[in-house]
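Numbering (this note's numbering), first residue to last: 1387 to 1986. All C-beta atoms, glycine included, are put in the ideal place defined by N, C-alpha and C. All remarks here apply to the structure that follows.
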Ligand code: MSP
């Protein structure tokens, strides 16, 4: 079989046994995307690395709640890995090149870089205010990024995977995307004119014809299919994995990866060609490598890459990006995690509709933790979710203010806990038992609760790892309800503290409830860091006792020593989460005005 020269280069990099396997077969089976030995790290450290990214955000408009959603998901996963002892890195940033940004800057008569800097700062500001604990913030206008893109381009060019050609077809500036004839449709606009739009995004497209550089994407259709078949969890949730496979059933034309300078000046120049600018998506995707240190020293982090992306940019991350990476002979991301979108009254948020929810204003009214909790508790990855103030108020009041805050208040209020300590557990009052055979002063439901809370950390972990954050929160919420039921059932306020047996049982009820609260607070840290800190501080839990590795639960029940027993509670007695006003909830969501950016 004759092997194309550029593929021969790829083959050289494969390990010996793999190479001999593919030389005798077709290209599609040539690629083994199981990690190759040379790319594996042989240290324990490798298994404990985690590199999570958000998409880098376009700076043509101010951030909205949907952008914050991508960042909150990534932040939650990053924090959860840190709590599990991982060496975790979390990258976010801004996507500042391209026609869309060039036009946005022109429309407000600003120099593109000044315009980008202003909006990039808005993202940074939002993330700081929202407790987004990124470790790296990248701007594609930085010189470290330009070097990475130039290097990446040169690698692809040298391998013969980029060639000079001409592109004729549809382009959507809004999506910065090339579209095939089957991906567009004709419609009549508000002025009665016939226009062509992208069927997927609904954005207007234009016909363009240009000489530029093309990437041999068509060569990668079979390798991409193979990668997905070999790695069924490479794109999650499953729904999106199947969508990508379906796309790959169709032809995959070569991709234009540059624009003529006369049309696009605002971008990274094609190395050694003053007439061409690198296509903004190639430029943008390389950001993930830039942060990891590409072209030098990126290996360790790059092997642990997890991308969080919205469903609208799936094609770029699950087709173009892996194809580019294969072309550059780099490992593919471990997972592309996809989320759906936030709508308002069932409609897509858009500047033109003026229904874009302002995340800073929302946080001001409902607190940062309130917004984070709502987004992660209500957002399901597979389906779009509707943003609604009333729904938010109802959820936060019931789960954070009443259920969790009420439980903490009950256990720590001086009336019930006059010594302000983490009380003693009495094994005689709450002996080891089962729902079928309750012992001491217990009831069957008490054992159900202990079992649920014992299992909760692993349940939460599993849901977080599969990006079902809402399920993790649902499980915590169900346990909080069980604990409230426990306190209610045994009504410690009715016990006679002068009676020694009653006193022991009273303290045991509080001890068990506080142990539950400690587990909830510890598990909630990635989602609502501020609120969790308040809760744990009130319980007297020190910072080194908050990792998931040392969590433990109800050690005394299991016959072990409890580090918290007898400890003095923290001094901060304030309300954990203030109930939100119903009226506020009925107010319409405050939106970002359509032309707000123009007033800069
Ligand atoms: N710049 C590109 C990404 C390049 S990554 C190499 C881009 N930027 S974006 O600002 O338009 O979108 C950034 C992220 O915000 C995407 O994941 C997108 O899905 C997400 N969201 C934008 N609107 C959204 C909602 N209404 N709801 C949820 N997420 C949304 O695409």
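Item                                                                                                                     : Value
Contact test: residue 1452 Cβ vs the ligand MSP heavy atom, cutoff 7 Å                                                   : yes
CA-to-CA distance, residue 1544 to residue 1650, given in whole angstroms                                                : 24 Å
Whole-angstrom C-beta distance between residue 1955 and residue 1798, which should lie under 8 Å                         : 6 Å
Range covered by the beta strand (DSSP E) that runs through residue 1662                                                 : 1662-1664
Straight-line Cα distance separating residue 1884 from residue 1744                                                      : 55 Å
Pick from 1647, 1756, 1473 and 1532 that is closest to residue 1686, judged by C-alpha positions                         : 1473
Meets three-Cβ-pair contact criterion under 8 Å: the region 1609-1629 and the region 1700-1708                           : yes
Euclidean distance between Cα positions of residue 1466 and residue 1947                                                 : 26 Å
Reduced DSSP secondary structure (H/G/I, E/B, other) of residue 1725                                                     : strand
Contact the region 1655-1672 vs the region 1504-1522: 3+ CB pairs below 8 Å                                              : no
DSSP beta-bridge partners of residue 1573                                                                                : 1581
Other residues of its chain near residue 1551: CB distance less than 6 Å, five sequence neighbours each side excluded    : 1600
Any non-hydrogen atom of the ligand MSP within 7 Å of residue 1456 CB                                                    : yes
According to DSSP, residues forming a beta bridge with residue 1477                                                      : 1439 and 1522
Cβ-heavy atom distance, residue 1444 to the ligand MSP, below 7 Å                                                        : yes
Closer than 7 Å: residue 1728 CB and nearest the ligand MSP heavy atom                                                   : yes
Cβ-heavy atom distance, residue 1588 to the ligand MSP, below 7 Å                                                        : no
Within 8 Å, strictly: CB atoms of residue 1480 and residue 1513                                                          : no
Residue 1818 classed as buried or exposed, judged by whether at least 16 other C-beta atoms fall within 10 angstroms     : exposed
Three CB pairs or more closer than 8 Å across the region 1435-1450 and the region 1734-1750                              : yes
Simplified DSSP assignment, three categories, for residue 1622                                                           : strand
Closest residue to residue 1698 among 1734, 1678 and 1624 (Cα-Cα distance)                                               : 1734
Contact under 8 Å by Cβ, residue 1952 with residue 1925                                                                  : no
Helix, strand or coil at residue 1517 [DSSP, three-state]                                                                : coil
Contact set for residue 1967: own chain, Cβ-Cβ below 7 Å, skip 5 residues either direction                               : none
Residue 1842 vs residue 1905 beta-carbon contact at 8 Å                                                                  : yes
Own chain, CB closer than 7 Å to residue 1486, minus 5 neighbours either side, in chain order                            : 1444, 1446, 1559, 1560 and 1562
Alpha carbon of residue 1668 to alpha carbon of residue 1643, nearest angstrom                                           : 7 Å
Among 1865, 1547 and 1591, the one whose alpha carbon lies nearest that of residue 1714                                  : 1547
Residue 1375 versus residue 1604: straight-line alpha-carbon distance, rounded                                           : Missing from the structure shown is residue 1375; the chain here goes from 1387 to 1986 and no further.
Three-way DSSP call (helix, strand, coil) for residue 1967 in this model                                                 : coil
Beta-carbon proximity check, residue 1731 vs residue 1772, cutoff 8 Å                                                    : yes
Cβ-heavy atom distance, residue 1441 to the ligand MSP, below 7 Å                                                        : yes
Every unbroken beta strand (DSSP E) within the region 1636-1671, with a cutoff of 3 residues, ordered by chain           : 1644-1646 and 1662-1664
Bridge partner(s) assigned by DSSP for residue 1748                                                                      : Beta-bridge pairing links residue 1748 to no other residue.
Close-in-space but distant-in-sequence residues of the same chain around residue 1958 (CB under 7 Å, 5 per side omitted) : 1920, 1923 and 1924
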